[in-house]
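Q:
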Amino acid sequence: INDVNKRLMNFYRVLKEKPKELIEEASQYIYDKAEYYRLRTRFNEEHLSDVEDAAILLYLNKTGYNGLYRVNSKGKYNVPFGRYKNPRIVDEERIIEASKLLENISINSERFYSVNKHAEMGDLVYFDPPYLPVSETSDFTAYSKSGFGYEDHVLLKNTCLDLDQRGVYFVQSNSYVEPILDLYKDIGFRIEIVQMNRAINSKTSKRGGVNEILVTNIPKKKIDTQ
Numbered sequence: 004i005n006d007v008n009k010r011l012m013n014f015y016r017v018l019k020e021k022p023k024e025l026i027e028e029a030s031q032y033i034y035d036k037a038e039y040y041r042l043r044t045r046f047n048e049e050h051l052s053d054v055e056d057a058a059i060l061l062y063l064n065k066t067g068y069n070g071l072y073r074v075n076s077k078g079k080y081n082v083p084f085g086r087y088k089n090p091r092i093v094d095e096e097r098i099i100e101a102s103k104l105l106e107n108i109s110i111n112s113e114r115f116y117s118v119n120k121h122a123e124m125g126d127l128v129y130f131d132p133p134y135l136p137v138s139e140t141s142d143f144t145a146y147s148k149s150g151f152g153y154e155d156h157v158l159l160k161n162t163c164l165d166l167d168q169r170g171v172y173f174v175q176s177n178s179y180v181e182p183i184l185d186l187y188k189d190i191g192f193r194i195e196i197v198q199m200n201r202a203i204n205s206k207t208s209k210r211g212g213v214n215e216i217l218v219t220n221i222p223k224k225k226i227d228t229q
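The sequence shown lines up with residues 4 to 229 when you count with our numbering.
1) Rounded to whole angstroms, what is the Cα-Cα separation between R91 and K21?
2) For the alpha helix (DSSP H) containing Q168, name the first residue and the last one.
3) What whole-angstrom Cβ distance do Y153 and L166 have, given they're in contact under 8 Å?
4) Report buried or exposed for A57, applying the criterion of at least 16 other Cβ atoms within 10 angstroms of its Cβ.
5) Apart from the five residues just before and just after V218, which ones in its own chain have a Cβ nearer than 6 Å to its Cβ?
6) State the Cα-Cα distance for the pair Y129 and R169, rounded to the nearest angstrom.
7) Following the continuous alpha helix (DSSP H) through V54, name the residue where it begins and the one where it ends.
8) Assuming Y15 contacts I110 (C-beta within less than 8 Å), just tell me the rounded distance between them.
9) For S230, which residues from the same chain have a beta carbon less than 7 Å from its beta carbon, with the 5 sequence-adjacent residues on both sides left out?
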């Protein structure tokens, strides 16, 4: 597992290595607006232990607006308080189960193109980048303070080309927009249109099914026979 967001990867490491400590820490927090903003401020101080950082991230994800993760240009988490009836912040059983699933998983926090030094012939790499916006008003890519723009998508395409030349399989999810379609046309990769359900949108009327694409170099016959 790899993501440029170091705090997300810290969460996965704590989940993997210290699940009981994560449960103990997060269980101290209560669902309350004042508590939310206190912990959000604490989270943005960034002088936390690995367990406290992971526990607060779990809390913010479960109690923040729409479960969104968003930071400003300074890297500060700025999602407002979410209004839920009775959110379940700590699910002990699922945390322990997830920890076991991560036992043999390597967790890294590098740029996506670092996969070039790890992947070998026959491996399968899945990319899930911040999507290129589908409209001028849908421009959210702030999962990290550096963002992820069109130039990054060009670099991602070149990374996919390099993997393909080395015999590494890849699958990439992305938005169904012309700039992305243009990037991948006529270079030999398959593009599949899929409909996905989305729960995060500022307008509730627009939540639901949206078209996305999967870009891959896996031959269709290979998928059909497996």
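Cβ coordinates follow ideal geometry from the N, Cα and C atoms, glycine included.
A: On the basis of the coordinates in this document:
1) 20 Å
2) 153-168
3) Rounded, the Cβ-Cβ distance is 20 Å, inconsistent with contact.
4) buried
5) Q175, Y187, F192, I194
6) 16 Å
7) 53-66
8) 5 Å
9) Only positions 4 to 229 of the chain appear in the structure, and residue 230 is not among them; the question remains open.
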